[in-house]
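> Would you mind keeping the following structure in view while I ask a few things?
Number of protein chains: 4
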Amino acid sequence: MINVSIAGGTGYTAGELLRILLRHPQVNIESVISTTSVGMPVAEMHRDLLGETDLVFTGTFSKPDVIFLCLGHGLSRAFLNDNNIPTSCKIIDLGNDFRNDPLFNERNFMFGLCEQNREQIRTANNVANPGCFATTIMLALLPLASSNSLKDEIHVHAITGSTGAGKKPGETTHFSYRDNNISVYKPFTHQHLEEIVNILKGAGNNDLPQINFVPMRGDFTRGIFASVYTKWNGKMSESAVIDFYEEYYQSSPFVFVSKQPISLKEVVNTNKGLLHIEFHNGYIHITSIIDNLVKGASGQAVQNMNLMFGLDETTGLKLKGTAF
Amino acid sequence: MINVSIAGGTGYTAGELLRILLRHPQVNIESVISTTSVGMPVAEMHRDLLGETDLVFTGTFSKPDVIFLCLGHGLSRAFLNDNNIPTSCKIIDLGNDFRNDPLFNERNFMFGLCEQNREQIRTANNVANPGCFATTIMLALLPLASSNSLKDEIHVHAITGSTGAGKKPGETTHFSYRDNNISVYKPFTHQHLEEIVNILKGAGNNDLPQINFVPMRGDFTRGIFASVYTKWNGKMSESAVIDFYEEYYQSSPFVFVSKQPISLKEVVNTNKGLLHIEFHNGYIHITSIIDNLVKGASGQAVQNMNLMFGLDETTGLKLKGTAF
Amino acid sequence: MINVSIAGGTGYTAGELLRILLRHPQVNIESVISTTSVGMPVAEMHRDLLGETDLVFTGTFSKPDVIFLCLGHGLSRAFLNDNNIPTSCKIIDLGNDFRNDPLFNERNFMFGLCEQNREQIRTANNVANPGCFATTIMLALLPLASSNSLKDEIHVHAITGSTGAGKKPGETTHFSYRDNNISVYKPFTHQHLEEIVNILKGAGNNDLPQINFVPMRGDFTRGIFASVYTKWNGKMSESAVIDFYEEYYQSSPFVFVSKQPISLKEVVNTNKGLLHIEFHNGYIHITSIIDNLVKGASGQAVQNMNLMFGLDETTGLKLKGTAF
Amino acid sequence: MINVSIAGGTGYTAGELLRILLRHPQVNIESVISTTSVGMPVAEMHRDLLGETDLVFTGTFSKPDVIFLCLGHGLSRAFLNDNNIPTSCKIIDLGNDFRNDPLFNERNFMFGLCEQNREQIRTANNVANPGCFATTIMLALLPLASSNSLKDEIHVHAITGSTGAGKKPGETTHFSYRDNNISVYKPFTHQHLEEIVNILKGAGNNDLPQINFVPMRGDFTRGIFASVYTKWNGKMSESAVIDFYEEYYQSSPFVFVSKQPISLKEVVNTNKGLLHIEFHNGYIHITSIIDNLVKGASGQAVQNMNLMFGLDETTGLKLKGTAF
């Protein structure tokens, strides 16, 4: 059994991690850390866990084999400075602290996109879990980047659910505002762009074209829907590209290419990524969907843990989707 | 023209009042008061008003003929203490300060349920605008109360939209929580119960039975749907009661009895109240719907203003519903 | 391994059954029957199953150990007449054909509410799976009925998600109608009332008072929220009743009593039932929530299968909830 | 008073037209035509109109000054063939029959985008009302097209509400499917593209670049949100372009440029179009929002009627928005 500690235990990604790990056959959760709720039963905060756990929030960890950092962006570095985590304990960071800046003291954070870095993750001691937007867009583009096929500007619109904005309530997550509403935020300038560019280059597309990225706020809770296109000057036909994608993801147990157009709820509450590819007017158009809290955060973190501890990649992650 | 001032100008009911009054043919809005946003254009706060007004929030009023208090429950009394409002200026309070306690200095607040107190409101200088739950439930029961027909316990479930909880974001108005969710709050103990009891007694049902009231939070933004029933020992048949209701509301231009079952969106964005009545198993069952921000707040406030200033009751209030 | 056949394979409950059974460690799905889609891959109809199964709809079954009937209300009897199902094959009917009328030829259908009939189900060959409304309301009342404590009229409002109305689109499941809307249907006369009355009497409350049941259509997809109250003349205090409920459900692995008020999404995508109990004004008020497609249909059907085949009741049913 | 007839009276756009025209001070609705519901009160079909009209569906028109065709795409031509409409009666077609093919017998349909063709509409006898997608996108691009500034490919993602798909229920408008879901349909090939291209060319951008248009289905009922960008090689700065847009729309009473980012609900239930413009990375990015049923259909149709009959363009169209 893997002894697990979760730091930042009251937030959305920690809750989702608990939902997954409480059903994971190889995991013992030793501690759920919170600075604000020490002594409170975990199921009083994450109310859907009633009847599933007697865990209580603690102020610190004991002797975990791995610690998940669910702290909010920018807080992981401070946590590692303040807490002496033995080098024998692996770290999986769900924040963005080490995605673009992988060094911390003697630790080196591997970028945890399993579909790209599967083998390196198996031997990594520390993993920077990818962001949810980046994961969605990367799954759409990785095969092309790996074959150095991204030559022309890339156009991306991606719509995210409200859970991507975290637990703290605010104007744009107020139900009265968000319900039946749509808006754009940080067009062309979203902070995930750097992460996306780094991965695509790392995948083999060194001379990367400009990416035009328009993020949108959707009026749903879970999921990201990305619509991605770029001019296609390659030699492969539509069906050849689809075959190429299927081959590329053959060893990835959670990513599938759909022959039919896809809709977001086909992946909600699962660790899957679904892709659909069409050629039009000289463009290749790819739609890509994930659940931002699962494949875009806590599910992918567990997938990384499975790899790091030599387990089957899908252990504890064959989750029943909601579909509706 | 009626010179209007609005106190508490940044909240939901003030925004709704502005939406209505900016189209009212007999109104000039002289000031929109805010303690926090003086100098900000009103349309920067209430963004849907872009292109409709150049008003700017001010710190105080000038010489209004009427002032609407949109201050949040419990703050109207303080506002009246702090501001010397001339007795020539009428007051319409959208808070709950004077609903159950109508006296303030020499001012006497008339309870502003037009369908009950139409004639008294015409001559009132100060009106306490009814609460949204109370309005919905009162419209369902007023005809029975007026004929002293409420003899047995009354059972009420009423589901409210998120705008009823106001602008300040919180846990139960977070989109991630509220979307696709339902919950009960303050069952049997909601603060509007006192208001409801007072009105029903005032309407002629002195010996009022117990009211069992279960309020619920719905996952929609606007509207209240109330399901009300009580044992029926009266002599009238179902169709006779329906006729009686129609007669009771004949002079009320916004309340209608529907022969068909009703659904909430039939009244959204209007000042209407719709009722549907059925007899079953010895019970009379009444469903009642309003838009909480219009008939349940700002629309009813304007209806009161119209009466107080001798205008046709419907002036500026024949609003196009959304239906969808 | 249990060989399973599913009749009526294209509908909502069949899809949900597939989502559960494809992850069930003791099940082999031998056939998914459809009269309209023979030859179509199952994952083309239930699109979220892409990558999870290669099953194809067939016209009939082979040699199943158990057949699930997901045929729509009233069609199970016809199916059994038309298909010669060997007596060695168990039947679990998700329709309402045998709930109130358990006899069919030599087969006798046990009512499959596990929390009430656990021991009889273990030895049953045929089970009539309870309805979703009935399950929600029964979980709220079973402990009281079992102690013959229901003496006074029972008041129930229950709000259901759209999936309860099935796959066939219609006026009241049109998104343009349903979104942000609420309505009542079949108040006091819903067809599930008979089922509820039968169970409560069977549980020991022979002299049952009238049940006033107002079903409502909610603007969410999954779940039923029931608010139930009745006068409390019993001797137990609120906390004693809560203890009694906890004791009653101690051997039921999916039913829990929450000390805190509950909201619907705490059970969505799980097989759990959550209850919350409060005393007010001489009434006992119970809120009860389930996911109508899981505990209210396909999950409970699998729970019944587990019991019928001697498996642990929770096998394959410890599902990760969505929470959001 | 203008005598109005509405053909196709039971659909969504007819309902919306009724909501508007019943409040229009210069209109008398003489007939609401339906082939399927003759004799039924209009308020039984469009239930939110209860208390607002006693109109009954008829089989034909009498002597209207103008007839609105709300028949569904492709059915207007047949209606005009089957019904002898006197040339003295003006026609406003809400279908797409004459948008790209304006000739019908001796009648010539003017394209009814008021912001482009205001003067020609004033003297037109027949108007083809623009499509909802086209209206949204045109409002974003008209100023650039009018100055022949569209030189590089145009990228458009536009998300539509469910009412755009009409009243007939189907798979993608089923609440269980649509709620909390997002999907793409007809990417790069939507039938509105031709309409858009025609207008932009007609506005002065003869040598039009390719338009890449990805339509999406949103999980809301009303509105279209378009995100549009193209490379900017012009000389004007961001603020100069904003000034240019404001000047272009100065005489258009319903179109406004917002300095702040916009969200869809700022226009819901109004006839307004809101635009927001930003420059990024060499691109001009424009977001554009309308209510598809109002400015995208029935509101714009009334705006056209006002122009055709010499009324102020805004008569009956200063509608209160819902905001929430």
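Those protein sequence lines, which keep their order, are chains A, B, C and D. Going by the numbering used here, 67 is the number at position 67 of the first sequence; the sequence numbering is gapless. Going by the numbering used here, 1247 is the number at position 247 of the second sequence; the sequence numbering is gapless. Going by the numbering used here, 2036 is the number at position 36 of the third sequence; the sequence numbering is gapless. Going by the numbering used here, 3263 is the number at position 263 of the fourth sequence; the sequence numbering is gapless. The beta carbon of each residue, even a glycine, is placed where N, CA and C say it ideally should be.
#1: Can you check whether the C-beta of residue 1274(B) is within less than 9 Å of a C-beta belonging to chain G?
#2: In three-state terms, what does DSSP make of residue 3326(D)?
#3: Starting from residue 3275(D), follow its DSSP beta bridges and name the residues at the other end.
#4: Would a C-beta distance cut-off of 9 Å place residue 21(A) and residue 3181(D) closer than the cut-off?
#5: Only counting runs of 3 or more residues, tell me where the beta strand (DSSP E) segments fall wholly within the stretch 2100-2184 of chain C, in order along the chain.
#6: Using a Cβ-Cβ distance under 9 Å, would residue 1190(B) count as near chain A?
#7: Sort 195(A), 282(A), 38(A), 268(A) by Cα distance to residue 292(A) and report the nearest one.
#8: If the cut-off is 9 Å on Cβ atoms, which residues from the stretch 3188-3218 of chain D count as contacting chain A, listed in chain order?
#9: If we count Cβ pairs, one from each stretch, closer than 8 Å, do we get three or more for the stretch 3315-3324 of chain D versus the stretch 1311-1322 of chain B?
#10: Using 9 Å as the threshold, is the C-beta distance between residue 2064(C) and residue 2300(C) below it?
#11: Determine whether the Cβ of residue 176(A) lies closer than 9 Å to any Cβ atom of chain D.
#12: Taking the alpha-carbon positions, what's the residue 3204(D) to residue 2035(C) distance?
#13: Exposed or buried, residue 1135(B), counting other C-beta atoms within 10 Å across all chains shown (16 or more means buried)?
#14: Roughly how many whole angstroms lie between the Cα atoms of residue 3081(D) and residue 3120(D)?
#15: So, does the CB of residue 2323(C) fall closer than 9 Å to a CB anywhere in chain A?
#16: So, helix, strand or coil for residue 3081(D), using DSSP?
#17: Considering only their Cβ atoms, is the gap separating residue 1014(B) from residue 1070(B) smaller than 9 Å?
#18: Could you tell me the alpha carbon to alpha carbon distance between residue 111(A) and residue 217(A), rounded to whole angstroms?
#19: So, is residue 179(A) buried or exposed, given that buried needs 16 or more other C-beta atoms within 10 angstroms?
#20: Check this for me: beta carbons of residue 2245(C) and residue 2143(C), under 9 Å apart or not?
#21: Report the neighbours of residue 20(A) on chain C: residues whose CB is nearer than 8 Å to its CB, in chain order.
#22: Quick one: does residue 330(A) have its CB under 9 Å from some CB of chain C?
#23: Can you round the beta-carbon distance between residue 3275(D) and residue 3139(D) to whole angstroms, since I take them to be within the 8 Å contact cut?
#24: Taking C-beta pairs closer than 7 Å, name the residues in chain C that residue 3170(D) reaches, listed in chain order.
#25: Looking at C-alpha atoms only, which residue of 1161(B), 1151(B), 1282(B), 1224(B) is the closest neighbour of residue 1175(B)?
#26: Which class does residue 302(A) belong to by DSSP, given the choice of helix, strand or coil?
#27: Would residue 325(A) be called buried (16 or more neighbouring beta carbons within 10 Å of its own) or exposed?
#28: Which partner residues of residue 3096(D) appear in the DSSP bridge assignment?
#29: Is any beta-carbon of chain B found at less than 9 Å from that of residue 2180(C)?
#30: Please state whether DSSP places residue 1007(B) in a helix, a strand or coil.
#31: Compare the Cα-Cα distances from residue 2242(C) to each of 2256(C), 2126(C), 2118(C), 2199(C) and report the closest residue.
#32: Between residue 49(A) and residue 18(A), which are expected to be in contact by the criterion C-beta below 8 Å, what is the C-beta distance as a whole number of angstroms?
#33: Would residue 1226(B) pass as a contact of residue 1158(B) if the rule is Cβ separation under 9 Å?
#34: If you compare alpha carbons, which of 1057(B), 1007(B), 1087(B) is closest to residue 1076(B)?
#35: Under 9 Å between C-beta atoms, does residue 3302(D) make it to chain B?
According to the data block:
#1: The structure shown has no chain G; the protein chains it does contain are A, B, C and D.
#2: No information on residue 3326(D) is available, as it lies outside the stretch 3001 to 3324 that chain D covers here.
#3: Residue 3275(D) pairs with 3257(D), 3288(D).
#4: No, the pair does not count as a contact, with Cβ atoms beyond the cut-off.
#5: 2126-2128, 2154-2160
#6: no
#7: Put simply, of 195(A), 282(A), 38(A), 268(A) the residue whose alpha carbon is nearest the alpha carbon of residue 292(A) is 268(A).
#8: Answer set for the stretch 3188-3218 of chain D: 3188, 3189, 3210, 3212, 3214, 3216, 3217, 3218.
#9: yes
#10: No, Cβ-Cβ distance for residue 2064(C) and residue 2300(C) is not below 9 Å.
#11: yes
#12: Cα to Cα, residue 3204(D) sits roughly 57 Å from residue 2035(C).
#13: Residue 1135(B) is classed as buried because its beta carbon has at least 16 other beta carbons within 10 Å across all chains shown.
#14: 25 Å
#15: Closer than 9 Å: yes.
#16: helix
#17: In this structure, residue 1070(B) lies near residue 1014(B), with their beta-carbon atoms less than 9 Å apart.
#18: 26 Å
#19: Counting Cβ neighbours within 10 Å, residue 179(A) comes out buried, since at least 16 surround it.
#20: yes
#21: Going along chain C in sequence order, the residues near residue 20(A) (Cβ under 8 Å) are 2320.
#22: One cannot answer for residue 330(A) here, as it falls past the ends of chain A, which runs 1 to 324.
#23: 6 Å
#24: 2169
#25: Residue 1161(B) is the option with its Cα nearest to residue 1175(B).
#26: helix
#27: Nothing about residue 325(A) can be reported from this structure: the residues present for chain A run from 1 to 324 only.
#28: Note: residue 3096(D) sits in no beta bridge, so no partner.
#29: yes
#30: strand
#31: 2256(C)
#32: 6 Å
#33: yes
#34: 1007(B)
#35: no
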